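This report refers to the structure that appears directly beneath it.
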Amino acid sequence: MLAAERHRKIIEKLEQLGAVKVSELSELFQVTEKTVREDLEKLEEKGLLKRTHGGAVPAQEGEDSLNPLHFPNSKHQREKTAIAALALSCIEPNDIIALDAGSTTLEMAKLMPNIPVTVLTNDLLIIRELTVKDQVRLVIPGGYRHNNLLIGAESQEWIKRLNVHKLFLSTTGIHLEYGLTIFTEELTKLKKLYMENAKMVYCLADHSKFDKGALITFAGLSEIDCIITDAGISSEVAAKYEALDIRMMRAELPENGKRTKGRT
13 MLAAERHRKI IEKLEQLGAV KVSELSELFQ VTEKTVREDL EKLEEKGLLK
63 RTHGGAVPAQ EGEDSLNPLH FPNSKHQREK TAIAALALSC IEPNDIIALD
113 AGSTTLEMAK LMPNIPVTVL TNDLLIIREL TVKDQVRLVI PGGYRHNNLL
163 IGAESQEWIK RLNVHKLFLS TTGIHLEYGL TIFTEELTKL KKLYMENAKM
213 VYCLADHSKF DKGALITFAG LSEIDCIITD AGISSEVAAK YEALDIRMMR
263 AELPENGKRT KGRT
């Protein structure tokens, strides 16, 4: 079994059981305990778990975990709402956009006015939000249901023929070395397809996702045109990414009912 597969199964076990033991993983994977400890060390370096005596536990419990979410993540909700509002300001009437699956893109769908735009998405929760807006033309790829998403090889071939003006992309982590990362391998192909067919790629990420890496890299930072984040990102962290010639937009949090404003 390859190391990447072991890593994924370790995280799955953590998600299911809340803790893992070196001895049990050694028996499960048919590798030495030394190999398992090295696996746990690498996962800890990526912030995915915390090693304990004889095993490991999740690095963060609950909604702030880097594990994939079956339901929208409500952590940093004010920041995500501000980011979504700023992202919507980048959309013009008659645009063809793609909304990647994610909690911030879902917020975009909730806030999106009923305007003539074409929206490509495979997120069932986003679809539900947009079906009531009659001026929004929904383009939904086929496939089978995986949690709240539609995925499938045939739909991916169909997406290759589409022209997308703007893609609003979600990510689990953003890291200078690892790039854009996610935990679930099944979603990487679709994300890459979206990016290949989009003229402009916006990555939506609140400040908590920076300098963090999940197991699988699906894009390099050079493939992103613009990162839309919130004003909670420190100037030091932002400067590291802006040094790579990536445009950075920061959404100010609304105060006293004022509309969200952004700055680059």
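In this note's numbering, each number is its position in the sequence shown, counted from 1, plus 12. Glycine residues also receive a C-beta, built at the ideal position from the N, C-alpha and C atoms. Treat the numbers as computed from the prediction; the structure is a model and nothing was measured.
Alpha carbon of K203 to alpha carbon of F230, nearest angstrom: Taking the first residue of the sequence shown as 1, we reach residue 203 at position 191. Taking the first residue of the sequence shown as 1, we reach residue 230 at position 218. In a straight line, the C-alpha of K203 is about 7 Å away from that of F230.
When the Cα of E264 is compared with those of A94, I152, L216 and E27, which residue comes out closest? Position 252 of the sequence shown, counting from 1, holds the residue named residue 264. Among A94, I152, L216 and E27, the Cα nearest to that of E264 is on A94.
Pair within 9 Å by beta-carbon distance, V144 and V131: For the purposes of this step, residue 144 is identified with residue 132 of the sequence shown, where counting begins at 1. For the purposes of this step, residue 131 is identified with residue 119 of the sequence shown, where counting begins at 1. It is not a contact, given that the beta carbons lie outside the stated cut-off.
As an exercise, report each continuous beta strand (DSSP E) stretch of at least 3 residues that is fully enclosed by the region 16-90, in chain order. 61-64 and 67-70
Give me, in chain order, the residues of the same chain whose beta-carbon lies closer than 8 Å to that of W170; leave out the 5 immediate sequence neighbours on both sides. Position 158 of the sequence shown, counted from the first residue, corresponds to residue 170. So the list reads P153 and G154, once near-sequence residues are dropped.
Under 9 Å, do E141 and L118 count as touching if we go by C-beta distance? Looking up residue 141 in the sequence shown gives position 129. Looking up residue 118 in the sequence shown gives position 106. The answer is yes: Cβ separation under 9 Å.
Would a C-beta distance cut-off of 9 Å place Y179 and Y214 closer than the cut-off? Numbered from 1 along the sequence shown, position 167 holds the residue referred to as residue 179. Numbered from 1 along the sequence shown, position 202 holds the residue referred to as residue 214. The residue asked about is misnamed: residue 179 is Leu in this sequence, not Tyr. Contact flag set, yes.
Length-filtered (4 minimum) alpha helix (DSSP H) runs lying within the region 180-240: 200-208
So D135 and A113 are supposed to be a Cβ contact under 8 Å. How far apart are they, rounded? Locating residue 135 in the sequence shown gives position 123, counting from the first residue. Locating residue 113 in the sequence shown gives position 101, counting from the first residue. That belief holds up - the Cβ atoms of D135 and A113 are roughly 4 Å apart, short of 8 Å.
For A243 and P266, I'd like the C-alpha separation in whole angstroms. What you label residue 243 is simply residue 231 of the sequence shown in a count that begins at 1. What you label residue 266 is simply residue 254 of the sequence shown in a count that begins at 1. Straight-line Cα distance between these residues: approximately 11 Å.
Of the listed residues T184, M207 and P105, nearest to L227 (C-alpha basis): Position 215 of the sequence shown, counted from the start, is the residue given in the question as residue 227. Considering only alpha carbons, the answer is T184.
Pull the bridge partners of Y156 from the DSSP assignment, please. For this step, residue 156 is matched to residue 144 along the sequence shown. According to DSSP, which records beta bridges pairwise, Y156 is partnered with I163.
Report buried or exposed for R173, applying the criterion of at least 16 other Cβ atoms within 10 angstroms of its Cβ. Here residue 173 corresponds to residue number 161 of the sequence shown, with the count starting at 1. Exposed, by the Cβ-count rule.
Ordered along the chain, which non-local residues of its own chain (more than five positions away) have a Cβ less than 6 Å from that of D76? Indexing the sequence shown from 1 puts residue 76 at position 64. Residue confidence for D76 is low, a pLDDT of 39 falling below 50, so the modelled location carries little weight; the figure read from the coordinates is stated next. These residues qualify, in order along the chain: K87.
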